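Undergrad: Structure below; questions to follow.
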Amino acid sequence: GETTVTLRAPIDGIRGKGGRNSEFLLSFAIGINGAEGIHALAADTDGIDGSENNAGAFADGSTVSRMRAAGVDAKAMLAGNNAWTAFNAVGDLFVPG
């Protein structure tokens, strides 16, 4: 099956970027924050995940701490449907060639 996303109202007039795979993976990354030995890829088979040019993203137990170090609040990004921005900040978008 495919995941779904509940779109929320823009935050401060800014509409989030991303798609259901990146949003699922951001939620997953928050859930495994700090865990070792867990790695994941969520991607759309047609090569486009939502509104941008990525098919999805990669995550592991260090994703949220790397986002924090880049000045990104993972939970706020998730709340604003802005997974693309969060993963882009740490270079973890999956963009097939």
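For what it's worth, my numbering labels the leading residue of the sequence shown as 27, then goes sequentially.
Ideal placement from N, C-alpha and C gives every residue a C-beta, glycine not left out.
In this text the structure is predicted, and so the values were computed from the model without any measurement.
Could you give the distance in angstroms between the alpha-carbon of alanine 69 and the alpha-carbon of aspartate 75?
TA: One-based indexing of the sequence shown puts residue 69 at position 43. One-based indexing of the sequence shown puts residue 75 at position 49. Taking the straight line from one Cα to the other gives about 7 Å.
Undergrad: Measuring CA to CA, which of Asn47, Glu78 and Asp86 is closest to glycine 63?
TA: Position 37 of the sequence shown, counted from the first residue, corresponds to residue 63. Of the listed residues, the one whose Cα sits closest to glycine 63 is Asp86.
Undergrad: Can you tell me whether DSSP reads leucine 119 as helix, strand or coil?
TA: Here residue 119 refers to the residue found at position 93 of the sequence shown. Here leucine 119 sits in strand by DSSP.
Undergrad: Whole angstroms are fine: how far does the CA of phenylalanine 84 sit from the CA of glycine 60?
TA: Reading the sequence shown from its first residue, position 34 is the one you call residue 60. Reading the sequence shown from its first residue, position 58 is the one you call residue 84. Those two C-alpha atoms are separated by around 15 Å.
Undergrad: Residues in its own chain within less than 6 Å of serine 77 by CB, not counting five upstream and five downstream?
TA: Residue mapping note: residue 77 aligns to position 51 of the sequence shown, counting from 1. Excluding sequence neighbours, serine 77 sits near Lys43.
Undergrad: Who are the near neighbours of asparagine 108 in its chain, counting only those whose CB is closer than 7 Å to its CB and skipping five residues on each side?
TA: Here residue 108 refers to the residue found at position 82 when the sequence shown is read from its first residue. The residues are Gly42, Lys43 and Gly44.
Undergrad: In the DSSP output, which residue or residues are listed as bridge partners for alanine 85?
TA: For this step, residue 85 is matched to residue 59 along the sequence shown. Answer is Ala66, bridged to alanine 85.
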